[in-house]
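Novice: In UniProt numbering, the protein residues as written are 1 to 419.
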Ligand SMILES: Cc1ncc(COP(=O)(O)O)c(C=O)c1O
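1) If I measure Cβ to Cβ from residue 165 and keep anything under 6 Å in the same chain, skipping five residues before and after, which residues do I get?
2) How would you write the range of the beta strand (DSSP E) that residue 163 sits in, first residue to last?
3) Quick one: what's got a C-beta closer than 7 Å to residue 301's C-beta in the same chain, skipping five residues either side?
4) Specify the secondary structure class of residue 78 as computed by DSSP and reduced to three states.
5) Does the count of Cβ pairs from the segment 235 to 243 and the segment 66 to 74 closer than 8 Å reach three?
6) Grab the span of the beta strand (DSSP E) containing residue 447 for me, first residue to last.
7) Please name the residue in 63, 199 and 161 whose C-alpha comes closest to that of residue 36.
8) Can you name the start and end residues of the alpha helix (DSSP H) that residue 259 belongs to?
9) Could you tell me which of 231, 265 and 310 sits nearest to residue 254, measuring between CA atoms?
10) My assumption, with CB atoms under 8 Å, is that residue 187 sits in contact with residue 132. Please give the rounded CB distance.
11) Check whether the segment 295 to 313 touches the segment 84 to 103, taking contact to mean three or more Cβ pairs, one atom from each stretch, closer than 8 Å.
12) Going along the chain, which unbroken runs of the beta strand (DSSP E) with 3 or more residues stay wholly within the segment 214 to 278?
13) Quick check: the Cα distance between residue 173 and residue 194, rounded to an integer number of angstroms?
14) By how many angstroms is the C-alpha of residue 225 removed from the C-alpha of residue 190?
15) Whole angstroms are fine: how far does the CA of residue 251 sit from the CA of residue 374?
16) Tell me residue 97's beta-bridge partners as DSSP assigns them.
17) Could you tell me if residue 106 is buried or exposed, where buried requires 16 or more neighbouring beta carbons within 10 angstroms of its beta carbon?
What follows is the structure, encoded as structure tokens:
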């Protein structure tokens with residue numbers, strides 16, 4: 001295991017240099033450290049190999065019944081199995097999507113549609129009363145979600161087809177409180193969507209605790225004819241950094257994003273008991289692929305790469321996590337030695353569980369490599385606007401500019417980053 005992980009680190013270290021923008025002076029490659037792994041990660045060499053092979057040898061249409069098609073179909077089946085294994089789910093509960101944005105939008109679209117179809121008759125002449133007469137579906141999220149959750153929800157609010165509660169996270173530790181989620185539940189609540197790990201702080205949200213409370217609540221709601229509350233988590237920033245298991249988390253739906261764990265820029269969605277326990281309504285209609293839940297001719301090379309990246313996570317996750325934790329702790333120790341940085345760092349260090357790759361330090365290099373870290377600007381994590389605390393509807397609050405970290409041996413400084 002350690003040998004495999006060491007090989008992985010070695011390979012990843014080689015892939016980690018990052019081009020400078022136009023007009024910027026580029027330090028020599030040996031002095032560059034790419035520090036924004038929450039934004040994206042380079043492709044693992046084995047992933048590139050799997051994708052290249054699929055492009056060369058499995059170009060057939062996976063829906064074709066003859067050998068060229070069957071070859072592509074086998075690759076897709078294997079990838080689906082590997083993704084299911086990575087999260088402790090069943091292959092039949094995985095569908096491929098174009099990425100995290102699509103997976104998140106699909107979840108929201110689906111629960112709203114299900115609510116409207118299931119409760120449409122309440123409040124009509126045929127069924128004039130009922131606990132949900134005249135209600136629109138209600139969804140609960142928190143104020144630090146990625147835009148691919150926040151914006152579709154804001155859109156639904158604007159269109160008045162759903163009600164949404166944005167639960168604020170703790171200003172002290174960045175976590176959402178389980179009690180606050182429970183307090184937001186209404187009769188028409190049909191979805192709680194809370195990310196597993198935040199893309200900017202790395203703070204891990206209490207998903208299993210939320211799940212246990214919602215399960216207990218669902219039993220009572222069923223007796224009163226109220227909709228089941230589904231639990232979704234966007235696991236984009238947790239996969240590859242810590243073990244993720246859908247049974248332990250107790251989630252109904254989980255978003256997977258390949259390019260956050262050394263895979264390609266596609267994604268997947270886990271749906272517990274797809275179509276039987278958990279309904280899913282497609283956003284697209286077409287040629288029947290992905291059992292009609294997400295039609296469109298499959299992108300075999302990308303799926304092959306995603307499957308390979310998932311296989312590597314399953315094989316090496318413990319070693320990756322231990323190594324990243326070591327690098328993170330080392331970075332934080334050094335930051336604490338700088339008085340102006342220590343002020344900013346302490347609250348999170350004392351705070352809740354975080355992913356080991358919080359703020360995305362370059363986690364593949366050995367200690368020697370880290371000491372040689374060059375002046376790479378770690379601008380902007382994860383390509384979104386600045387982090388929590390946000391105003392009620394999730395807009396970055398004024399005067400709370402995100403800090404980007406510039407490491408430049410031997411000096412170190414914090415600068416506000418423009419989102
Ligand atoms: C937490 C989280 N969710 C979803 C996404 C969206 O992924 P993509 O832009 O690949 O669709 C990202 C990407 O930054 C993310 O960090």
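Cβ atoms here follow ideal geometry from the backbone N, Cα and C, with glycine treated the same way.
Specialist: Answer, in terms of the structure:
1) Within the same chain, Cβ atoms closer than 6 Å to the Cβ of residue 165 are found at 140 and 184, the five residues on either side in sequence being excluded.
2) Element bounds for residue 163: 163 to 167.
3) 51, 54 and 55
4) helix
5) no
6) Only positions 1 to 419 of the chain appear in this structure, which leaves residue 447 out of reach.
7) 199
8) Careful: residue 259 lies outside any alpha helix (DSSP H) and carries neither H nor E.
9) 231
10) Contact between residue 187 and residue 132 holds, since their C-beta atoms are separated by about 6 Å, short of 8 Å.
11) yes
12) You should have 230 to 234, 253 to 257 and 267 to 271.
13) Answer to the nearest angstrom: the Cα atoms are 16 Å apart.
14) Residue 190 and residue 225 have their alpha carbons spaced roughly 13 Å apart.
15) In this prediction, residue 374 scores a pLDDT of 27, lower than 50, which makes its location untrustworthy; no coordinate-derived value is stated.
16) 267
17) buried
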